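*Asks:*
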Amino acid sequence: MPEALKIRVAKDAGFCFGVRDAIEKAREIASEHGKVYMLGDIVHNERVVSQLEQDNIKVVDTLDEVSEAPVLFRAHGTIPEIWEAAAEKNLDIVDATCPLVHEIHDEIKKLHAEDRKLLIIGDHGHDEVVAIQAQVPKAFVISSVDEAEALPRMKKAGVVSQSTQMIENVQDIIGVLSMKIFDLRFVNTVCFPTRRNQAQIKELAPLSDVMIIVGSYTSANTKRLHEVSLTMNPRSYMVEGASDIDAAWFENAESVGVSAGASSPDDLIEEVVEHLKNINVQTRV
Ligand code: SF4
């Protein structure tokens, strides 16, 4: 009988403190007031959002849908126009913006005050990036080395990054920018839970025959962790849950490493681990 498949789970896989705190805050407010509105998803994970809805946390797309209960602004940050509109309507605002996202907003404002051209390394159209961009009159978003190479030369510029960017992508882009910008100030705003997650995956991926990254397909953070894993282990797969796992991935595998995006709840990770234990039995006995 073959030995059991060895399953290793990255130590800090799953919710970062920013997401954990935001979800706790939403639950507290809902139990205090009977209901809380949430403007957009608090995190990019459909399962978390549907669980929150069961706890009287109602997801809305616009402030027009909010009445007689506090409205919670999510972890990724919210554009100033919406803060102003909510204040004008006298809504009870609960700020669940991650403190590290607030820091990015502060940093880009400081760079603006230094009269620099402003660049954000991040994904075009991502909520967090849109909110960072909205803190200053004008900032350009660049997502890749190619986009950095297409930029004109500049005399004085400041750069921040989306909190969940891949460190290597940021370093490569900064390498290109440093050749084009005479006075470049880069504030590395990739957050420490993201760096820690990426570092743990880099440690785990070479030790594992197969890597599983758990998270929503709409989560930029999870996609990025999957990319990090793929650079170290081609047998890396991204799954939204246990049902996405294909037993064929584990042919001749003796070990599997598991990690997850910052918006993946603990119970989802546990479910995947339990499923992996069963796959081992079914495929290898
Ligand atoms: S990924 Fe980082 S910045 Fe985003 S919510 Fe989590 S801790 Fe905050």
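Just so we're aligned, residue 174 is where the sequence shown starts under this note's numbering, counting upward by one. Where a beta carbon is used, it is the ideal one built from N, C-alpha and C, also for glycine. Note that the coordinates shown come from a computational prediction; the quantities given were computed from them, not determined experimentally.
1) With DSSP collapsed to three states, give me the class of W256.
2) Look at I346 and I315 and say whether their C-beta atoms are less than 9 Å apart.
3) Out of V360, I354, L273, H299, which one is the CA nearest neighbour of K324?
4) Between the alpha carbons of D300 and K328, how many angstroms are there, rounded?
5) With H, G and I counted as helix, E and B as strand and the rest as coil, what does DSSP make of G187?
6) Can you look up G207 in the DSSP assignment and give me helix, strand or coil?
7) Between the stretch 245-258 and the stretch 190-208, do at least 3 Cβ pairs fall closer than 8 Å?
8) Short of 6 Å in beta carbon distance, which residues of its chain neighbour I460, apart from the five on each side in sequence? Order them along the chain.
9) Name the residue from L264, M339, G298, H448 whose alpha carbon lies nearest to the alpha carbon of Y210.
10) Please confirm whether K184 has its beta-carbon closer than 9 Å to some beta-carbon of chain B.
11) Candidates V429, K396, L403, V387: which alpha carbon is nearest E381's?
12) If I follow the unbroken beta strand (DSSP E) through I215, where does it start and stop?
13) So I418 and H399 are supposed to be a Cβ contact under 8 Å. How far apart are they, rounded?
14) Alpha helix (DSSP H) containing D300: first to last residue?
15) Which parts of the stretch 363-394 are runs of the alpha helix (DSSP H), unbroken and 4 residues or longer, counting only runs that do not cross its ends?
16) Per DSSP, which residues does S409 bridge with? Please list them.
17) Based on Cα-Cα distance, which residue from F423, N370, A312 lies nearest to I340?
18) Leaving out five residues on either side along the sequence, give the residues of the same chain with a beta carbon under 6 Å from the beta carbon of V349.
19) If you measure between the beta carbons of V182 and I252, is that distance less than 9 Å?
20) Tell whether a beta-carbon distance below 9 Å holds between V445 and S409.
*Replies:* The structure says:
1) helix
2) yes
3) First, the amino acid is wrong: residue 324 is Leu here, not Lys. Selected option, being the one with the closest Cα: I354.
4) Straight across, the Cα-Cα distance linking D300 with K328 is about 29 Å.
5) coil
6) Note: G207 maps to coil in three-state DSSP.
7) A contact is defined here as three or more CB-CB pairs under 8 Å, and the stretch 245-258 meets this definition with respect to the stretch 190-208.
8) Since the first residue shown for the chain is 174 and the last is 458, residue 460 is missing from the structure and cannot be characterised.
9) L264
10) Looking at the structure shown, chain B is missing, and only one protein chain is on hand.
11) At residue 381 the sequence reads Ser, which differs from the Glu that was named. Answer by Cα proximity: V429.
12) Counting along the chain, I215 falls outside any beta strand (DSSP E), and DSSP gives it neither H nor E.
13) About 14 Å separates the Cβ atoms of I418 and H399, ruling out a contact at the 8 Å cut-off.
14) Judged by DSSP secondary structure, D300 falls within the alpha helix (DSSP H) whose first and last residues are 300-306.
15) Runs found: 365-377.
16) M384
17) N370
18) V318, A321, E322
19) no
20) no
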